[in-house]
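First up is the structure itself, then whatever we jot down about it.
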Amino acid sequence: MTSKVIVVGGGYAGVSAATSLAEQGFQVDLLESRGSLGGRVYSTAPSESFPAPVDNGPHLFMGCYHETLRLFARLNVPGPFHWVDPLGLYWLDPGGKKLSLKCAPLPSPLHLAFGLLTTDAFPFPEKILLARALGVFSKKPFKLPSGMETVAQFLDHSGQGPYSRERFWIPICNAVMNVSPATAPIQGLGEVLKRMFFGSRRDSAVAIAAQPLSGVGFPQVEEFLKTRGGTVSFHEGVQGFNAGSKNFELNTRSGKTYTGDSLIWAVPPSSLSLLWPKGNWPAVEALPRLGKSPILSVHVILSKTVMDEHFAGLPGANFEWVFNRNKNWGWHPAPQNLGGGEGQAQYLSFTASAADKLAKQTEKELVDLALKELKDRCPAARDAQVLHAKVTREMAATFIWNKETDRLRPGPETPFPQVFLAGDWTNTGLPATIEGACLSGHRAAEKVREYLGKNK
Ligand SMILES: Cc1cc2nc3c(=O)[nH]c(=O)nc-3n(C[C@H](O)[C@H](O)[C@H](O)COP(=O)(O)OP(=O)(O)OC[C@H]3O[C@@H](n4cnc5c(N)ncnc54)[C@H](O)[C@@H]3O)c2cc1C
Numbered sequence: 026m027t028s029k030v031i032v033v034g035g036g037y038a039g040v041s042a043a044t045s046l047a048e049q050g051f052q053v054d055l056l057e058s059r060g061s062l063g064g065r066v067y068s069t070a071p072s073e074s075f076p077a078p079v080d081n082g083p084h085l086f087m088g089c090y091h092e093t094l095r096l097f098a099r100l101n102v103p104g105p106f107h108w109v110d111p112l113g114l115y116w117l118d119p120g121g122k123k124l125s126l127k128c129a130p131l132p133s134p135l136h137l138a139f140g141l142l143t144t145d146a147f148p149f150p151e152k153i154l155l156a157r158a159l160g161v162f163s164k165k166p167f168k169l170p171s172g173m174e175t176v177a178q179f180l181d182h183s184g185q186g187p188y189s190r191e192r193f194w195i196p197i198c199n200a201v202m203n204v205s206p207a208t209a210p211i212q213g214l215g216e217v218l219k220r221m222f223f224g225s226r227r228d229s230a231v232a233i234a235a236q237p238l239s240g241v242g243f244p245q246v247e248e249f250l251k252t253r254g255g256t257v258s259f260h261e262g263v264q265g266f267n268a269g270s271k272n273f274e275l276n277t278r279s280g281k282t283y284t285g286d287s288l289i290w291a292v293p294p295s296s297l298s299l300l301w302p303k304g305n306w307p308a309v310e311a312l313p314r315l316g317k318s319p320i321l322s323v324h325v326i327l328s329k330t331v332m333d334e335h336f337a338g339l340p341g342a343n344f345e346w347v348f349n350r351n352k353n354w355g356w357h358p359a360p361q362n363l364g365g366g367e368g369q370a371q372y373l374s375f376t377a378s379a380a381d382k383l384a385k386q387t388e389k390e391l392v393d394l395a396l397k398e399l400k401d402r403c404p405a406a407r408d409a410q411v412l413h414a415k416v417t418r419e420m421a422a423t424f425i426w427n428k429e430t431d432r433l434r435p436g437p438e439t440p441f442p443q444v445f446l447a448g449d450w451t452n453t454g455l456p457a458t459i460e461g462a463c464l465s466g467h468r469a470a471e472k473v474r475e476y477l478g479k480n481k
């Protein structure tokens, strides 16, 4: 008889686990509390006040996202990305200068060495120090001096200069870890830098979704599971959970009860700690201490085109990156929707990671700040009018990864042998990213296979 697995939570972690198990012949029922899949990655439709689709925040993918690309290959997602390969980064510097780092079409790490040598983003002595610091992560496994814990300590120890900090380390650390260098573990950032720069050249390429994110992969999941005997149930939030040594029972919002041979929880830690049976597992009771780190995004439609690149860094700004939706998505304005604007309108999305300080500002203050930071760095934007603006706030975008919370990240196993965990917050060795989520989902699926292999 086919084994039945329940997966709770339809973000990247749950979807990776569910589709991997369905592919292997298990019957998978995926329960999701919302009306759509994607979890912390979603898009909203155009509205009267903002006549374009909006992602809850711009997301970048990378060539080293092997587990994520495995998921897309399984779902047969048709070419959803613009690949920036070899890697190219652009910065709009205060005062209006445009800087770049363009890697060469050479094997890794020569591609990066060429990029560092020729970039105008760092003075020569800083290039040498930056190359040396990155070189630490070329070793497998890489070694850090004993007692070194945070990114800030690593930057001091390796003598990083002001330009490489402002243009490279700080924005990369904030974007990847969603925690500032002062607390982010260097081990975690190093793991990402190792995968990014010291695998193949393709691993360091950046991939930008060619359409709003809700359309990338998630629409294929329901059909994928159905054709393999599974189901996806929406608005089916789990509200009660009990388990013994072999069985388990879930009670959902609709009043239904679900059981199966194995269970994967792929929900955020806050949901899991509320639902887990009290007194059964101290690790789950400690999960609220993982904390929450916000990401804020400002989306604007301007009256004119001000940038050509897919995305650019804004050194020293609160909004560290700006994405060009005309180029990313091929978005073009419908003139009747622009309140008098012309056909040259440009849609930009700004993002601020680890944004605790900004979180209390009003929508108007955030839009004004993003615009000011752009205008300081991009002369073409100085006479642009804002035709439409919208702010998205993800107050629990990721957990806060630091020395204390590192110890609180559980692995996939739980005290119940048939119940496993997935989620970007579990102990993957990676930051809370899409790749971490997909890795955790695939790992939990592997654990289910092992368990059912031994127990059926
Ligand atoms: C604004 C923003 C920008 C980001 N940028 C990037 C980026 O550029 N690159 C990158 O790699 N990562 C980025 N991330 C991080 C990335 O989005 C997450 O790491 C990833 O999506 C987490 O996936 P997950 O499956 O672990 O969790 P989630 O996506 O949170 O999925 C959990 C799911 O469980 C469901 N659920 C919760 N409780 C229940 C219940 N009781 N019953 C049933 N279902 C339940 C939820 O509705 C949700 O669908 C960003 C995140 C945000 C918010």
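Numbering (the numbering used here), first residue to last: 26 to 481.
Glycine included, C-beta positions come from ideal geometry on N, C-alpha and C.
The region 391-426 contains, as complete beta strand (DSSP E) runs of 3+ residues, the segments 411-423 (chain order). Assigned with DSSP and collapsed to three states, H324 falls in strand.
Ligand 1 approaches D449 closely enough that one of its heavy atoms is under 7 Å from the residue's Cβ.
Judged by the Cβ position, T423 qualifies as a neighbour of ligand 1 at the 7 Å threshold, a heavy atom of the ligand being closer than this. Between A291 and G448, the alpha-carbon positions lie close to 5 Å from each other. For H136, the three-state secondary structure derived from DSSP is helix. Taking all protein chains shown into account, S45 has 16 or more neighbouring C-beta atoms within 10 Å of its C-beta and is therefore buried. Here N272 is exposed, its C-beta having fewer than 16 other C-beta atoms within 10 Å. L446 and V241 have their alpha carbons spaced roughly 24 Å apart.
Listed as beta-bridge partners of F223 by DSSP are no residues whatsoever. A straight-line Cα-Cα distance of about 12 Å links L312 and L300. In the DSSP assignment, D80 is bridged to S68. Between L315 and V444, the CB-CB gap reaches or exceeds 8 Å.
By a beta-carbon distance limit of 8 Å, G338 contacts Y115. Their separation comes to about 7 Å. Nearest in C-alpha terms to L112, of all of L141, R95, G120, A98, is L141.
Buried is the label assigned to N203, since at least 16 other Cβ atoms lie within 10 Å of its Cβ. Counting along the chain, Q371 sits inside the beta strand (DSSP E) bounded by residues 371-377. With a beta-carbon spacing of about 15 Å, F223 and F139 fall beyond the 8 Å limit used to define contacts. About 4 Å separates the Cβ atoms of E398 and A342, confirming a contact at the 8 Å cut-off.
Taking the CA atoms as reference points, Y37 sits about 20 Å from R220.
Excluding its 5 nearest sequence neighbours in each direction, S74 has C-beta neighbours in its own chain below 8 Å: H413, K415, listed in chain order.
S318 is bridged by DSSP to T423. Between the region 461-480 and the region 302-310, the count of Cβ pairs shorter than 8 Å is below three; the stretches do not touch.
Rounded to whole angstroms, the gap between the alpha carbons of F375 and G50 is 43 Å. Counting along the chain, Q52 sits inside the beta strand (DSSP E) bounded by residues 52-56.
Restricting attention to Y476, P456, V473, the CA atom closest to the CA of I211 is found in P456. For A232, DSSP records a beta bridge to F86, W108. Under the DSSP definition of a beta bridge, T256 partners with D54.
Minimum Cα-Cα distance from N452 among the listed residues W426, C403, I197, T69 corresponds to W426. For P319 and M26, the gap between their C-alpha atoms comes out near 45 Å.
F249 carries a helical assignment under DSSP once its states are collapsed to helix, strand and coil.
Counting the other Cβ atoms within 10 Å of the Cβ of L250 gives 16 or more, which makes it buried. Assignment of L464 by DSSP, reduced to helix, strand and coil, places it in the helix class. At least 8 Å separates the beta-carbon of S72 from that of S239.
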